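First comes the structure, then the notes that go with it.
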Amino acid sequence: MLETLAIGFSAFGDPMVWFALVFGALAGYLIGAIPGLGPSLGVALLIPFTYGMDPVVSIVGLVALYAAAEYGGAITAILINSPGTAAAVATSWDGYPLTQQGRTGEALTVSILSSGAGIFISTLLLIITAIPLSEFALRFGPGEYFALALVGLSLVAGLAEGSPLKGTVAMGIGLALATIGLDVQTGTPRFTMGNPEFFEGLPLVPVLLGLYALSEVLFMIEDGPSEKLKSAPINGLMGLPVKAILGLKTAILRSSVLGYVIGVIPGAGASIASFVAYAVSKRMSKTPEKFGKGSLEGVASSEAANNSAVAGAMAPLLALGIPGSPTTAIMIGALMVQGIQPGPLLFTKSPEIPYTIFASLWIGIPIMVLIGLAGAKIWARVANIPRPAIAAIVAGICYVGAYASHTTMFPVHVMTAFGILGYILRKLEIPLAPIILALVLGEMMETNFRRALISNKGEWDIFYTSPMTVILILIAVLAFVLPGLSQLRARRAKASAV
Amino acid sequence: MAISKLKNMMLGMTCAATLAFGLAQGAAAEDWAPEGPVEFVLHTKPGGGVDVYARTLAKELEPIIGQTVVIVNAPGGGGATQMAKVRTAKPDGLTLGVNTVTHFTSMLTNLRGTFSTDDFEWIALSQIDPILFFVSKESDLTSVTDLVEKAKANGGEVNIGGFGPVGSMQNIGMTMLEEAAGVKFNWVAFESTPDIIAAVLGGHIDVGVSNLGPALEFFEADRLKGLGVLGEKRLGTLPEMQTFSEQGYDVDNNWLQVRGVFGPKGMPVELQQQIADAIHKAMATESYQTYARASGVEDSDFGPVEYAEFVKNLNALAEEQLSAAGLTSN
């Protein structure tokens with residue numbers, strides 16, 4: 001393992017890899033710091049630029065961007081109570097009160113240091129557990145993969161902030177869209193309206209660009225240029241006693257492990273990780289009353305967990321080819337563009353890819369922390385860039401990126417259509433993440449469901465004779481049912497209290 | 499490390515080739531000398547076998563023709579996007595496409611009526627890549643005969659996994675064996691070769707079908723064993739594996755995966771011959787040879803006359819197989 005890890009580190013002999021790392025980290029901070037733009041959008045926007053790159057260079061850039069964007073959200077969360085990403089929402093609960101108390105510097109320092117610690121710990125876990133996971137993955141047959149996809153979909157309830165019903169609607173839309181294209185087993189065209197351009201299904205990159213980025217542009221146009229954000233002055237950036245940081249080590253360690261485990265589960269990402277870690281830390285804390293009023297422990301827990309989830313989400317991606325988060329779902333596309341099929345054979349076939357990812361996560365930490373500490377002042381100003389300028393830049397990248405994906409107009413039309421669809425869905429408060437998740441998992445679920453039946457003489461017992469399949473299906477059912485039940489119970493408790 | 503070393507090596511070889519051909523150029527008056535950059539339009543995304551082939555060939559072709567060769571990835575529509583680009587291009591040799599057997603099978607099925615082999619000129623055949631049947635090292639099957647006997651004993655319940663749906667190139671390869679042996683197998687479609695290998699290694703399917711390239715590492719790692727190869731000769735890299743014919747199954751040995759170059763209709767035959775010559779010259783370079791041997795493919799020197807004939811036969815064979823399977827009507 002150490003030998004192969006050395007392969008990963010040796011990739012850093014190439015100056016282009018360093019360039020990709022620094023560029024990815026800077027771009028990630030910027031994107032994370034801009035409210036509404038998150039790591040998924042950042043990765044989607046960067047993909048068109050990676051077409052001509054070496055796979056190692058492009059993956060290092062994408063991973064750096066992902067990790068930095070997951071942190072970048074914390075900056076605006078702390079400074080202006082406007083989390084740049086969903087995963088930084090929990091950070092704002094204590095970060096902004098700290099700013100109001102004039103302790104901005106402390107909050108930023110704690111957030112960046114715990115983010116760094118989170119990545120370090122989770123990468124260690126990733127290195128140790130990804131290999132056993134990938135050998136174990138060979139035992140996954142079509143039945144197991146179907147059940148796994150089902151588990152991924154069942155977590156839609158967690159991805160959809162707010163109404164589970166709307167999350168389910170979004171999932172249904174995604175599943176329906178996943179059926180477009182040639183039938184994998186028989187080659188029959190489905191919902192292609194006689195147009196061969198639909199044969200290979202909806203192209204993922206234009207769909208992502210449309211749903212996330214173009215719809216955001218439409219919102220910016222609607223809001224107009226009037227909105228002005230004001231950032232608070234920053235003081236005492238380094239003025240935090242070492243003792244105070246050491247006092248947070250238990251919370252950081254616990255949140256990092258939690259963040260990794262939640263990140264590994266396909267479908268559960270950084271936002272869930274930070275909420276859960278925050279909740280657990282509050283319960284375990286000696287000073288739970290401070291939470292929500294400016295607790296450094298709260299900031300540390302949320303940030304350690306959401307960054308730890310980055311490495312966690314990489315584990316199923318690298319070992320099984322299954323995305324652990326919406327951002328890694330997009331990354332599968334980026335890897336496939338490079339001719340690398342993420343799957344059980346990645347460690348055997350292209351070991352340089354996972355080990356370079358491990359190395360870049362670690363090498364990236366000091367770079368991230370340095371940029372974070374030095375640049376916090378500048379990042380805060382990003383929020384002050386005039387909206388029309390941001391809208392124009394993002395729209396430009398959307399159109400160029402969509403065209404570049406096929407060098408035809410078809411993906412451009414797809415991107416535009418999904419931009420409008422995304423705008424409408426967001427107006428209706430239907431979450432977008434479940435659509436992407438279902439679009440990616442839907443194909444995997446259907447293909448493996450049918451493959452399982454075909455390879456088992458059409459007998460259904462393949463879904464209940466393997467213990468692994470049974471366990472996975474049970475987890476999926478529970479994940480679907482439990483949130484609904486607890487909501488029902490909460491409603492009843494409320495009713496009886498009245 | 500190993501990768502960057504190989505790259506450097508290849509770069510060095512390219513330089514050497516440039517020098518050699520730079521000297522040779524000007525000697526033959528009828529060499530292909532395009533007026534501007536040449537576009538190679540592909541039906542696949544960057545990465546993957548066809549893309550690597552086109553980029554490797556392009557690099558060697560550039561010094562020979564004295565022009566840049568641009569790779570244009572035009573995926574989508576099961577090849578339709580690419581074929582539309584090639585069909586509408588001027589027949590001046592500046593726009594060429596790379597094709598595989600999938601082009602012929604889709605022109606007979608999904609794209610029937612949209613494109614036909616008569617819409618294009620078939621300029622040069624470059625690679626042939628026979629398909630092989632393999633099993634996991636732990637399997638009790640050791641030959642095609644074992645496979646056929648197992649299928650007979652189990653009433654056809656042997657799962658064979660390969661690339662593409664029913665009617666795909668590899669699936670037709672399987673149906674040829676079915677006919678020759680008088681048995682039925684169960685086709686399990688996959689979308690990528692690594693998935694097929696993983697399913698074989700995990701024991702989820704009995705037999706896998708693939709070209710040699712993607713499976714080679716697993717043969718070398720002693721995790722797979724070959725049952726037979728569909729082709730005229732045994733493979734140079736796995737000489738112990740017998741062909742289907744050697745094992746007594748009368749299949750058509752011309753059913754091979756190919757990579758060739760085609761262009762829009764109406765290209766002068768002289769120009770086609772020049773292009774074919776330049777391509778075959780590029781294939782003779784050391785760095786192309788290094789790549790081709792590593793990916794397990796065999797070279798072909800078919801020019802426009804032989805390739806057009808080959809395409810005609812292949813197309814007839816595909817038509818026959820597909821209509822037998824009832825797949826040509828839609």
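Going down the list, the sequences are from chains A and B. All residue numbers for the first sequence refer to the working numbering, where the first residue is 1 and numbers rise by one. All residue numbers for the second sequence refer to the working numbering, where the first residue is 499 and numbers rise by one. From the three backbone atoms N, C-alpha and C, an ideal C-beta is built for every residue, glycine too. Remember, predicted model here, so these are calculated numbers, not experimental data.
Only residues of its own chain outside the window of five on either side were considered, and among them Ser-281, Glu-297, Ala-300, Ser-301 have a CB closer than 6 angstroms to the CB of Ala-251(A), listed in chain order. Exclusion of the five residues before and after Val-60(A) leaves Ala-11, Val-17, Ala-20, Leu-21, Gly-24, Thr-356, Ile-357, Ser-360 as the residues of its chain whose Cβ lies within less than 8 angstroms of its Cβ. Under the three-state reduction of DSSP output, Gln-771(B) falls in the helix class. At a beta-carbon threshold of 7 angstroms, the residues of chain B lying near Phe-410(A) are Gly-574, ordered along the chain. Using beta-carbon distances, Pro-692(B) counts as an interface residue toward chain A, with a partner under 8 angstroms. One Cα belongs to Leu-246(A), the other to Pro-692(B), and the distance between them is close to 47 angstroms. Residue environment analysis places Asn-669(B) among the buried positions, since at least 16 neighbouring C-beta atoms fall within 10 angstroms of its C-beta. Just measuring C-alpha positions, the residue of Pro-97(A), Tyr-212(A), Val-169(A), Phe-198(A) sitting nearest Lys-290(A) is Pro-97(A). Boundaries of the alpha helix (DSSP H) around Ile-173(A): 164 to 178. Within the segment 651 to 715 of chain B, the complete beta strand (DSSP E) runs of at least 3 residues fall at 657 to 661, 684 to 688, 705 to 709. Asp-704(B) and Asp-461(A) have their C-alpha atoms some 19 angstroms from each other. Non-local C-beta neighbours of Ile-262(A) in its own chain, meaning closer than 7 angstroms and more than five positions away in sequence, comprise Ala-268, Ile-272, Ala-273, Val-276, Ala-309, Gly-312, ordered along the chain.
Met-581(B) and Asn-684(B) have their C-alpha atoms roughly 32 angstroms apart. Pairing Phe-688(B) with Phe-661(B) gives a Cβ-Cβ distance under 8 angstroms.
Under the 8 angstroms criterion on CB atoms, Glu-200(A) is classed as interfacial with respect to chain B.
If you draw a straight line from the Cα of Leu-472(A) to the Cα of Val-207(A), it is about 29 angstroms long. Annotation: Thr-168(A) to Ala-374(A) spans about 43 angstroms, alpha carbon to alpha carbon. Residues of chain A whose Cβ lies closer than 8 angstroms to the Cβ of Ala-578(B) are, in chain order, Pro-196, Glu-197, Phe-199. Counting the other Cβ atoms within 10 Å of the Cβ of Tyr-464(A) gives fewer than 16, which makes it exposed. For Ile-454(A), the chain B residues whose C-beta falls within less than 9 angstroms of its own C-beta are Asn-657, Asn-684, Trp-685, Val-686, Ala-687, listed in chain order. The beta carbon of Glu-443(A) sits closer than 6 angstroms to those of Ala-178, all from its chain and outside the five residues before and after it, given in chain order. Here Val-698(B) is buried: its Cβ has 16 or more other Cβ atoms, across all protein chains shown, within 10 Å.
Taking 8 angstroms as the cut-off between beta carbons, the residues of the segment 598 to 621 of chain B near chain A are Thr-607, Asn-608, Leu-609, Thr-612, in sequence order. With contact defined as three or more Cβ pairs closer than 8 angstroms, the segment 747 to 756 of chain B and the segment 728 to 739 of chain B are in contact. Here Asn-597(B) carries a strand assignment [DSSP, helix/strand/coil].
For Leu-699(B), the residues of chain A that pass the 7 angstroms Cβ criterion are Leu-138, in the order they occur in the chain. With a cutoff of 8 angstroms on beta-carbon distance, Ile-658(B) and Met-672(B) are scored as near each other. Phe-618(B) and Phe-808(B) do not touch by the CB rule: their CB atoms are close to 14 angstroms apart, not below 8 angstroms. His-702(B) has a beta carbon lying within less than 8 angstroms of a beta carbon in chain A.
For the options Met-445(A), Asn-306(A), Leu-318(A), the alpha carbon positioned closest to that of Ala-87(A) is the one of Asn-306(A). Neighbours of Arg-283(A) across chain B, judged by C-beta separation under 9 angstroms, do not exist; the nearest C-beta is about 41 angstroms away. Assigned with DSSP and collapsed to three states, Ser-634(B) falls in strand.
For the segment 409 to 432 of chain A, the set of positions with a beta-carbon nearer than 9 angstroms to some beta-carbon of chain B reads Phe-410, Pro-411 in chain order.
With a threshold of 8 angstroms between beta carbons, Gly-591(B) makes no contact with chain A.
Chain-ordered, the chain A residues with CB closer than 9 angstroms to the CB of Gly-665(B) read Thr-186, Gly-187. In this structure the segment 404 to 422 of chain A touches the segment 561 to 573 of chain B; the number of beta carbon pairs closer than 8 angstroms is three or more.
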